[in-house]
């Protein structure tokens, strides 16, 4: 059994004390109740305050539990909320890029498509909301695996099927590819899942910098790529959209 | 829609641009559009809702005019452009809201009376005499109801001291918000144009749909002197040039908000319809160049008129409670934390579990018009969970849409080919699928959500030749999503029967009003 960390135990005791009654407590009350030196108690409270777990009443200087604690227990972002917030931005991305836009989240061992905007031409297209895409080969999946540890372990433990000649299936190569995604902030899929199709995707973060989803465009490889490279303007447009949605998620409370 | 949604003009390939003002019920907005109909910048400002007593709703028209000037300036600043980059200014507005002002000073003589205000209920019953609320329906397409502007003018003339005399002497002007904004933009007391467009005029109960002009007899019956009324013009023509900061800018369109959405959705052919899903829902169907009388409780209204072309008419049906039912589930029942969660909850079950929710919170509207009805949840068993109720909530919006579409098809004899949708609830995928299922028709969402402002911009752009014709506008319309029916016919029929049974249960709940 590993040794426990004393300061964490003490911080937990402070939180329990503040949760115990309805009264707000002053520094000396907390220190004496827990039998701590005032300086020690102050250090603990200041750290908890920085993390948002404790708040100080500006008028009386007394302490109470912070709003962040409530959010911890209720942090799950509803995917339909995500879609509602992303709607305007993804419409704009489809118009400016001329390609289909997809919004995906991690679901079980894959990417669940929660929003889909048609390519703005007059062709017949089918709404793909509710469809699943693979984690290891699509741009959306690679973004999720690169930023969300749960998605990463699903991708590493799951079977990485070769859909085309270009699908990366080996563990080391896959992890190296994710390292590239993390370093440049976006992922690509050039005919790794579907012959003739290429995609670019970027991560969406909530206000606590948690990766909650990925947004990307998919289109014919001839349009999405220039030679062997992805069109830089398209990459920039996808990243702008991801940032705009993230900003919208962070700007408001849930 | 947030006003952080702004992009610099350079990202949109430069000008020129069209600016559209949306003078709405809770706020005034201005959106700058480029030639492709894409949004370049948005600015928005809310105004005060003045509630003097239960059922009364007023706005300060002077505050609204100040806000309109600010948002036009704000939107152009955010776009990084000046008035020289803008070819024309279009206007769309909350309909029926009524203001009277002094011709000489531009000072409103009273707060504007908002469309929701019910103070003229009694007056409307009185005006119906022995005929009832359909007394003017043949001429105006409307029932005598407190929404419409005519009775509101009469109330002001009766209740503001000395106003009737001054009105008869020609010192007072009437306007819905389009007229108020245009008069002020084009100079106010110094030569401001006192005009309104056919769509706004068709909501006053004073315009004859067959002559497209004020009906003298009806004006006399309601008690409105002709001297206060603006000139009725088309929806897309240059009414005049702006003065002041915007000097020289053509003011080139006016459309009531729901008609503007019909225009923005490019419903230019007979049988095309749009539905705007917000707190409540408004469904309008283009019925071509003839006004169609409704025998199923719908309104006959002008859809739009471009310059000297023939007017286009529409049938209108509204649903009082749609988005507000989801809010009720959140705020009053506490079953969800955010409006979007209704879809999560509803998706956790396959069907409604036998439950049907008819939200007749203040009676049944089109096509029933029963004020004695109240809301009902029918078909409850021990099996029903809150998820089934969430599903019933979404289905209520879908079935009410179906009832209005059925009434429209009956009145017009035209079959709906597809329903174009906009508004906040289009983010709800399950709802859109359900609407397609129960209508047995495709439901399509366009790429620009701001169809109301877009409609005003389109009309203004047509008036100044920025766009050549409606075909060019149609080419701008891009499909963002389409839902196609998946429900089998037997299920649809059975569910519809159950819904209609539940509707029956709401009737007669309120006993004879004393």
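Protein chains in written order, with the numbering used here: chain A, 156 to 409; chain B, 11 to 524.
All C-beta atoms in this analysis are idealised placements derived from N, C-alpha and C, irrespective of residue type, glycine included.
| Would residue 357/A pass as a contact of residue 340/A if the rule is Cβ separation under 8 Å? | yes
| At a CB-CB cut-off below 8 Å, which residues of chain A make contact with residue 437/B? | 235, 238, 239, 242
| request: Would you mind reading off the limits of the beta strand (DSSP E) that contains residue 207/B? | output: 205–207
| Apart from the five residues on each side of it in sequence, which residues of its chain come closer than 7 Å, Cβ to Cβ, to residue 403/B? | 335, 336, 339, 352, 367
| Sub-8 Å separation of residue 419/A and residue 294/A beta-carbons | The question about residue 419/A has no answer here: the residues shown for chain A are numbered 156 through 409.
| query | If we cut at 8 Å on Cβ distances, does residue 489/B have a partner in chain A? | reply | yes
| Tell me the DSSP bridge mates of residue 388/B? | 366/B
| Cβ contact (3+ pairs, closer than 8 Å) linking the stretch 239–251 of chain B and the stretch 307–325 of chain B | yes
| query | Can you tell me where the beta strand (DSSP E) with residue 249/B in it begins and where it stops? | reply | 246–251
| task | Quick one: give me the first and last residue of the beta strand (DSSP E) that residue 294/B is part of. | result | 291–298
| query | For residue 362/A, which of 332/A, 354/A, 223/A has the nearest alpha-carbon? | reply | 223/A
| task | Return the chain-ordered list of same chain residues with a C-beta closer than 8 Å to the C-beta of residue 376/A, the five sequence neighbours on each side being excluded. | result | 345, 346, 351, 352, 353
| Is residue 193/B helix, strand or coil by DSSP? | helix
| said: Distance check for residue 268/A and residue 144/A, CA to CA, integer angstroms please. | reply: In the structure as shown, chain A starts at 156 and stops at 409, and residue 144/A therefore has no counterpart that could be examined.
| Do the stretch 145–164 of chain B and the stretch 397–405 of chain A touch if we need at least three Cβ pairs shorter than 8 Å? | no
| request: With distances taken Cα to Cα, identify the nearest neighbour of residue 199/A among 165/A, 234/A, 291/A, 270/A. | output: 165/A
| query | Alpha carbon to alpha carbon, how far is residue 440/B from residue 234/A? | reply | 13 Å
| query | What are the boundary residues of the alpha helix (DSSP H) that residue 161/B is part of? | reply | 159–169
| request: Would you mind giving the Cβ-Cβ distance between residue 426/B and residue 419/B, rounded to the nearest angstrom? I have them listed as a contact below 8 Å. | output: 6 Å
| request: Step through the CB atoms of chain A and report whether any lies within less than 8 Å of the CB of residue 340/B. | output: no
| message | Assuming contact is defined by CB atoms lying nearer than 8 Å, are residue 397/B and residue 239/A in contact in what I supplied? | response | no
| Which runs of the alpha helix (DSSP H), 4 residues or longer, sit entirely within the stretch 231–293 of chain A? | 234–252
| request: Below 7 Å CB to CB, which residues in the same chain sit around residue 399/A once its five sequence neighbours on both sides are set aside? | output: 244
| query | Along chain B, which residues have their Cβ under 7 Å away from the Cβ of residue 361/A? | reply | Here the premise fails: no neighbours, minimum Cβ distance about 14 Å.
| field | Contact set between the stretch 338–372 of chain A and chain B, restricted to residues whose Cβ is under 7 Å from the partner | value | none
| Quick one, which residues of the stretch 345–368 of chain B are near chain A if we go by CB-CB under 7 Å, in chain order? | 348, 350, 351, 353, 354
| task | Can you say whether residue 88/B is buried or exposed, counting buried as having 16 or more other CB atoms within 10 angstroms of its CB? | result | buried
| Close Cβ partners of residue 17/B (< 6 Å) along its chain, the five nearest in sequence each way excluded | Note that residue 17/B has pLDDT 42, beneath the 50 cutoff, so the model's placement of it is unreliable and the number below is only indicative. None.
| request: Mind reading off the beta-carbon distance from residue 129/B to residue 165/B? Whole number of angstroms is fine, and I expect it under 8 Å. | output: 6 Å
| task | Answer with yes or no whether the minimum CB distance from residue 15/B to chain A is below 8 Å. | result | Note that residue 15/B has pLDDT 42, beneath the 50 cutoff, so the model's placement of it is unreliable and no number is given.
| query | Does the beta carbon of residue 117/B sit closer than 8 Å to a beta carbon anywhere in chain A? | reply | no
| Which runs of the alpha helix (DSSP H) fall wholly inside the stretch 465–491 of chain B and span at least 4 residues, in chain order? | 480–486
| task | Would you list, in chain order, the members of the stretch 489–509 of chain B that have their beta-carbon closer than 9 Å to a beta-carbon of chain A? | result | 489, 490, 491, 492, 493, 494
| request: Note down the Cα distance separating residue 445/B from residue 347/B, rounded to an integer number of angstroms. | output: 24 Å
| If we ignore side chains and look at the alpha-carbon of each, how far apart do residue 477/B and residue 468/B end up? | 8 Å
| task | Starting from residue 243/B, follow the beta strand (DSSP E) in both directions and report where the run begins and ends. | result | 241–243
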